[in-house]
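> Residue numbers (our numbering): 16 to 272. Here it is: the structure, laid out below.
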Amino acid sequence: MARKVLVLGEARDGQLRNVSFEAIAAAKTVAEGGEVVGVLVGESVNSLGNDLYQYGADKVVAVEDTKLAQYTPDGFSQALMAVIEQENPEGVIFGHTSLGKDLAPKIASKLGSGLISDAVAVEEAGGNLVFTRPIYSGKAFEKKIVTDGLVFATIRPNNIAPLEKDPGKSGEVSTVSAEIKDLRTIIKDVVRKATEGVDLSEAKVVVAGGRGVKSEEGFEPLKELADVLGGAVGASRAHVTLTTVTIHCKSARQAKS
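Listed below in structure tokens is the structure:
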């Protein structure tokens, strides 16, 4: 059954996160030949529309407002609800990020829909959509079937391969009007900790060290190797606990810190 599916494009520092493109690939499976609509929410996000088109979106819409310059649950939910009301989709896909984990259940509950979170694969089998998600800290996997109603899902980053990019593809970004009001949270300022190299959550290669490295100086060769490979540096939980190493991550087997 062909479905219209929305995908929230999540931006950081003026660029879309990789999980946005992975979510489009998942949405293509959910849509089963239907339309995949990329959604941009923010203050000035229209310029990111072509990135969504190039990774497979069939249509892109945007909600722009100065009150959406920083993520707030109230603001983004009001914006996304306006898009859902206009587009009337059968599915909505988010990245399983801090934003997606906060926003997806809020929207799903408003619409009385269920939510499949942290999916690592999606497929069509026997006429049903089947989502695979890890349980017991990744020691086992379960399969969830969507039988009816609006499909809400969050996609774990770095698990579903994005579609091949088409650099020549572009398209129009349609504006959706939304009244953003009664925000209970207002972000006054954002202070970012300066980091170097590739973001661990976006890295395709992680060079990690454990207690055997012993000191921050011992990580210098790992940093050099990570630079050569275009990857990020990680440390095991044990090393982070026992030392004062100042790298900003844990190992590839642990959650980002």
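A virtual CB, placed ideally from N, CA and C, is assigned to each residue, including glycine. Quick caveat: nothing in here was measured; it's all calculated off a predicted structure.
With burial defined as no fewer than 16 other Cβ atoms inside 10 Å of the residue's Cβ, what is the status of Ser62: buried or exposed?
It counts as exposed.
> For Gln168, tell me which candidate among Lys229, Glu37, Glu79 has the shortest Cα-Cα distance.
Residue identity differs from the one stated: residue 168 is Ala in this sequence, not Gln. Selected option, being the one with the closest Cα: Glu37.
> Is any heavy atom in the ligand MG found nearer than 8 Å to the beta carbon of Lys229?
With respect to small molecules bound, the structure shown includes none, and the ligand MG cannot be examined in it.
> Less than 9 Å between the C-beta atoms of Ala41 and Ala193, yes or no?
No, they are not a contact pair.
> List the whole-angstrom C-beta distance separating Gly90 from Ala77, where the pair is believed to meet the contact cut-off of C-beta under 8 Å.
With a Cβ gap of about 14 Å, Gly90 and Ala77 do not count as contacting.
> Under three-state DSSP, which class holds Leu144?
Residue state, collapsed to three classes: strand.
> State whether the stretch 78-87 contacts the stretch 180-193, with contact taken as three or more CB pairs (one from each stretch) at a distance under 8 Å.
At 8 Å Cβ cutoff, the stretches touch.
> Taking Val228 as part of the beta strand (DSSP E), name the residues at either end of that continuous run.
Note, Val228: premise wrong, no beta strand (DSSP E); not H, not E.
> Measure from the alpha carbon of Val51 to the alpha carbon of each residue in Asp73, Thr44, Gln30, Gln69, then state which is nearest.
Measuring from the Cα of Val51, the nearest candidate turns out to be Asp73.
> Please report how far the alpha carbon of Val54 lies from the alpha carbon of Ile131, in whole angstroms.
Cα to Cα, the separation comes out at about 20 Å.
> Keeping to the same chain, check which residues put their C-beta closer than 8 Å to that of Ile201; ignore five residues upstream and five downstream.
Counting only Cβ-Cβ distances below 8 Å, and skipping sequence neighbours, we find Thr87.
> How would you label Lys265, buried or exposed, when you count the other beta carbons within 10 angstroms and need 16 or more for buried?
Model confidence at Lys265 stands at a pLDDT of 47, short of 50, so the residue's coordinates are unreliable; what they give is reported in the following sentence. Buried, since its Cβ has 16 or more Cβ neighbours within 10 Å.
> Do you know offhand how far Glu105's Cα is from Leu126's?
Approximately 12 Å between the Cα atoms of the pair.
> With DSSP as the reference, label Gly39 as helix, strand or coil.
Rather than Gly, the amino acid found at residue 39 in this sequence is Ile. Helix, per DSSP.
> In this structure, does DSSP put Gly149 in helix, strand or coil?
Here the sequence assigns Pro to residue 149, which means Gly is not the residue at that position. Reduced to three states, the DSSP call for Pro149 is strand.
> For Thr44, which residues in the same chain have their Cβ closer than 7 Å to its Cβ, ignoring the five residues on either side in sequence?
Within the same chain, Thr44 has close Cβ partners Val137, Glu138, Glu139.
> Which of helix, strand or coil does DSSP assign to Leu21?
Strand at Leu21.
> Out of Asp66, Glu25, Tyr70, Gly71, state which residue places its alpha-carbon closest to the alpha-carbon of Glu58.
The candidate whose alpha carbon is nearest that of Glu58 is Glu25.
> Grouping DSSP H, G and I as helix and E and B as strand, with all else coil, what is Val137?
Strand.
> Is it buried or exposed for Asn33, if we count other Cβ within 10 angstroms and need 16 for buried?
The residue in question, Asn33, is buried, as its Cβ has 16 or more Cβ neighbours within 10 Å.
> Who are the near neighbours of Ile175 in its chain, counting only those whose CB is closer than 6 Å to its CB and skipping five residues on each side?
So the list reads Glu37, Ala40, Ala41, once near-sequence residues are dropped.
> In this structure, does DSSP put Gly249 in helix, strand or coil?
In the structure shown, Gly249 sits in a strand (DSSP, three-state: E or B).
> Starting from Glu239, trace the alpha helix (DSSP H) both ways and give me its first and last residue.
Counting along the chain, the alpha helix (DSSP H) containing Glu239 begins and ends at 235-244.
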